[in-house]
Amino acid sequence: MHWKALPAAAAGDRGACGVLFLSVPKRQLARAVDRNLVRRIAREAWRGAGLAQRPIAVLVKLRRRPEWFAAAGLRQKRRQLRVELDSLFAHRSLRGAGQ
């Protein structure tokens, strides 16, 4: 997964609230259940990282399906996605953005 910090204007009139944009293409994950799982875990990680209270807009895009995804069970998918997204949102350039 990749992220990109967007200009403050992308947040619109939401003021000091953080905005998370997600792109999980059907080409990468054909099943809607899997796409929704990625989105749900991403929103949980976003709120858990405390970025929702900061004036920042971020685009997170799934560019390719993880190699482990097809063979993993639901619990393993949840765990792996959360670990990857937590490390993504803990990135130092995201921490300094929007201040």
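Okay, so the sequence shown: first residue is 147 according to the working numbering, each after it adds one. Ideal placement from N, C-alpha and C gives every residue a C-beta, glycine not left out.
Measure the alpha-carbon distance for A218 versus Q226 and round it to whole angstroms. 9 angstroms
If you draw a straight line from the C-alpha of E190 to the C-alpha of R173, how long is it? 24 angstroms
According to the Cβ coordinates, are V204 and G164 closer than 9 angstroms? yes
If I202 sits next to L231, beta carbons under 8 angstroms apart, how far is it from one beta carbon to the other, in whole angstroms? The Cβ separation is near 16 angstroms, so there is no contact.
Among residues of its own chain, excluding the 5 on either side of R181, which ones have a beta-carbon nearer than 6 angstroms to its beta-carbon? V170 and L175
Strand pairing of F167, partner residues [DSSP]: L205
The alpha helix (DSSP H) with L227 in it runs from where to where? L220 to F235
Which partner residues of K150 appear in the DSSP bridge assignment? L205
Whose C-beta lies closer than 6 angstroms to the C-beta of F167 among residues of the same chain, with five residues either side of it excluded? Hits under 6 angstroms: L205.
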